[in-house]
Amino acid sequence: MLIDSHCHLDFKDFDEDRDAVLSRAKAAGVDMMVTISTKITEAEKIIKLAESDDALVCSVGIHPHEAGSEPETSAEALVDWARHDKVVGIGETGLDYFYEHSPRDAQQRNFRAHIEACRISRLPLIVHARDADEDTADILEDEMGKGDYPGLIHCFTAGPELARRALDIGFYISISGIATFKSAGDLRETIKSVPLERLLVETDSPYLAPVPHRGKRNEPSFVADTAAMLAELKGVSVEELAQATTDNFFNLFTKARRPAAQA
Ligand SMILES: [Zn+2]
Ligand SMILES: [Zn+2]
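Rendered as structure tokens:
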């Protein structure tokens with residue numbers, strides 16, 4: 001069994017064949033997928049999607065790209081949404097200084113509101129960090145000082161410093177198909193320093209399809225290709241890698257329930 005800890009199945013990229021995408025994922029052994037929220041104004045829509053299939057759960061949150069355009073949210077509003085059965089995490093949130101689609105101060109306020117929601121709800125924080133390693137780690141540590149909360153860095157592409165600081169505060173690191181790219185040698189070196197018991201695996205579909213699907217639309221079934229590369233990198237069998245990342249997922253996403261066959 002594999003889990004795709006981060007995908008965007010609500011995106012219109014999947015409107016034509018969403019059912020087939022889900023079937024292919026299950027056929028590939030992907031028994032659970034977390035479809036990730038980017039806009040709080042679409043929280044209801046993503047919860048409905050998660051309700052449509054037993055293999056789906058979801059998050060609620062505002063992507064840093066949308067921090068300037070979505071209505072400013074509060075921890076309380078996020079916690080309210082998070083009461084729903086299918087909501088297992090808060091995000092994705094964080095900082096993106098590469099695209100900087102939203103002003104940095106709006107991104108930071110949004111990020112901190114999500115952290116506060118995790119502290120209250122005890123659901124994990126799903127962090128997006130791009131070209132913002134230092135500020136991301138500073139905010140995570142500063143907030144940790146106010147009271148602990150669980151979380152992960154998703155689609156990890158940062159350097160060893162953010163990995164170390166995230167691991168030090170108890171965070172998990174989720175690896176996407178980027179790690180399979182030929183050019184990602186430095187990233188693979190960083191991943192070697194992350195303990196197996198802190199790794200998760202994801203697609204971030206529809207983006208970033210792993211080798212050998214690179215350039216195509218990504219989908220959850222392709223998480224198997226990233227898992228195979230990770231197993232090789234960590235020197236374990238694919239089965240061991242799958243078992244470890246699945247166990248890690250349920251250790252972090254405590255509200256998600258194992259599918260019946262796994263329980
Ligand atoms: Zn992201
Ligand atoms: Zn995402």
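Each residue of the sequence shown is one higher than the one before, starting from 1 at the first, in my numbering.
Ideal placement from N, C-alpha and C gives every residue a C-beta, glycine not left out.
Could you tell me whether the Cβ atoms of residue i and residue j are closer together than 7 Å?
i: ALA137; j: ARG165; result: yes
i: SER102; j: GLY68; result: yes
i: ALA224; j: ALA28; result: yes
i: ASP4; j: THR203; result: yes
i: LEU208; j: GLY177; result: yes
i: CYS7; j: MET33; result: yes
i: THR93; j: HIS65; result: no
Does residue i come within less than 7 Å of chain B when only Cβ atoms are used?
i: VAL127; result: Looking at the structure shown, chain B is missing, and only one protein chain is on hand.
For residue i, which of the options has the nearest alpha-carbon?
i: SER193; options: LYS255, ILE126, ASP168, HIS6; result: ASP168
i: GLY159; options: SER174, ILE120, THR190; result: THR190
i: ILE265; options: HIS154, ASP135, ILE47, ASN110; result: Since the first residue of the chain shown is 1 and the last is 263, residue 265 is not available in this structure.
i: ALA129; options: SER183, ALA77, THR157; result: THR157
i: GLU116; options: PHE11, GLU92, VAL79; result: VAL79
Consider the C-beta atom of residue i and the heavy atoms of ligand 2; say whether any pair is separated by less than 6 Å.
i: ILE36; result: yes
i: ASP204; result: yes
Under 6 Å: does the beta carbon of residue i sit that close to some heavy atom of ligand 1?
i: GLU100; result: no
i: GLU92; result: yes
i: HIS128; result: yes
CB of residue i to nearest heavy atom of ligand 4: below 6 Å?
i: ALA209; result: Ligand 4 is not part of the structure shown, which contains ligand 1 and ligand 2 as its ligands.
Evaluate the contact criterion for the stretch 73-92 versus the stretch 56-63: three or more CB pairs, one atom per stretch, below 8 Å. Output reads yes: the stretch 56-63 touches the stretch 73-92.
Counting Cβ pairs, one atom from each stretch, are 3 or more of them under 8 Å apart for the stretch 36-44 and the stretch 95-104? The stretch 36-44 is not in contact with the stretch 95-104.
Can you confirm whether the stretch 17-37 touches the stretch 215-222 when touching is taken to mean that 3 or more C-beta pairs between the two stretches lie within less than 8 Å? Yes, since at least three Cβ pairs between the stretch 215-222 and the stretch 17-37 fall closer than 8 Å, the two stretches touch.
Unbroken stretches of the alpha helix (DSSP H), 4 residues or longer, contained in the stretch 128-201: Correct list: 133-144, 160-168, 185-192.
Is the stretch 194-214 in contact with the stretch 139-148, if contact means three or more CB pairs nearer than 8 Å? Contact between the stretch 194-214 and the stretch 139-148 is not established, with fewer than three Cβ pairs separated by less than 8 Å.
May I ask you to verify whether the stretch 244-252 touches the stretch 210-217, counting CB pairs closer than 8 Å and requiring at least 3? Contact fails: fewer than three Cβ-Cβ distances are below 8 Å.
At 3 residues or longer, and completely inside the stretch 30-97: list those beta strand (DSSP E) runs for me, N to C. Here the runs fully enclosed are 30-35, 56-60, 87-96.
Note down, one range per segment and in chain order, each alpha helix (DSSP H) of at least 4 residues found wholly within the stretch 221-261. Qualifying alpha helix (DSSP H) stretches, in chain order: 223-234, 238-252.
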